[in-house]
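Undergrad: I have a structure here, written as structure tokens, and I will follow up with some questions on it.
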Amino acid sequence: MPRNLDDLTWPRHTERLTVGRPAPEDADALWELKSDPELNRWTTRIYASREEFRADWDALAATHLMAHWDGRLAAYLMVKHQDAWSQADVTEQARGQQVELGWVVAPWAQGHGVATELVREGLAIAFAMGVHRVEASCFAENTGSWKIMEKVGMRREIHSVKESLHRDGQWHDGYGYAILAEEFRGR
1457 MPRNLDDLTW
1467 PRHTERLTVG
1477 RPAPEDADAL
1487 WELKSDPELN
1497 RWTTRIYASR
1507 EEFRADWDAL
1517 AATHLMAHWD
1527 GRLAAYLMVK
1537 HQDAWSQADV
1547 TEQARGQQVE
1557 LGWVVAPWAQ
1567 GHGVATELVR
1577 EGLAIAFAMG
1587 VHRVEASCFA
1597 ENTGSWKIME
1607 KVGMRREIHS
1617 VKESLHRDGQ
1627 WHDGYGYAIL
1637 AEEFRGR
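This is the structure we're talking about:
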């Protein structure tokens, strides 16, 4: 069975980032990122209140990593460990074989390659957990995200037409990207 985030050694270091599990002292900075409507234009959820955010802290802490740059929270990375799709008779072998990544970068850290550096590290983290595949998705209009996915070697596998209802009330296209463990190791 693949390992999970708790089985890895923290923090991890990239060229500029210190990546680790959320700590209570990250809560205020993470709240600022999670509650900013413009910053979260393309994310699944915006927290309406600190109380709502606090109530969800344990769930966030289980799937999120914090990326600090020069001592400040520069970004967060969602690392959602999942079962891969399988036929019923091989379900057990598919358990925990996939990770979904998602990220948001603080406004002050944007435009400096932070997201690319963090997503590369996210791939390394996911494959260190022993998964077979990592995927990420975005609204097609979220050009920054899909360009990062391509830059780190992920392949566009899906272009869904008007499949996602956005909070703006409109149906939007989506893109799905993925990379396999053997592809990542072969780079």
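Just so we're aligned: the sequence shown equals residues 1457 to 1643 in the numbering used here.
For glycine and all other residues, C-beta sits at the position ideal for the given N, C-alpha and C.
Verify whether the separation of the beta carbon atoms of Trp-1466 and Gly-1476 is less than 8 Å.
TA: yes
Undergrad: Just curious, the beta strand (DSSP E) that Arg-1589 is in, first and last residue?
TA: 1589-1595
Undergrad: Could you pull the DSSP bridge partners for Glu-1556 from this structure?
TA: Lys-1536 and Glu-1591
Undergrad: So, with DSSP's three-state summary, where would you put Gly-1527?
TA: Here Gly-1527 sits in coil by DSSP.
Undergrad: How big is the Cα-Cα spacing for Tyr-1633 and Val-1546?
TA: 24 Å
Undergrad: Tell me the rounded alpha-carbon separation between Gly-1642 and Gly-1609.
TA: 11 Å
Undergrad: With distances taken from CA atoms, which of Arg-1459, Ala-1565, Ser-1491 and Val-1617 is nearest Asp-1526?
TA: Ala-1565
Undergrad: According to DSSP, Gly-1476 sits in a beta bridge with which residue or residues?
TA: Met-1522
Undergrad: For Thr-1499 and Glu-1548, I'd like the C-alpha separation in whole angstroms.
TA: 31 Å
Undergrad: Just curious, the alpha helix (DSSP H) that Leu-1461 is in, first and last residue?
TA: Looking at the DSSP string, Leu-1461 is not in any alpha helix (DSSP H), and its letter there is neither H nor E.
Undergrad: List the residues that DSSP assigns as beta-bridge partners of Gly-1632.
TA: In the DSSP output, where bridge partners are listed per residue, Gly-1632 has Ser-1593 and Ile-1614.
Undergrad: If I measure Cβ to Cβ from Gly-1625 and keep anything under 6 Å in the same chain, skipping five residues before and after, which residues do I get?
TA: none
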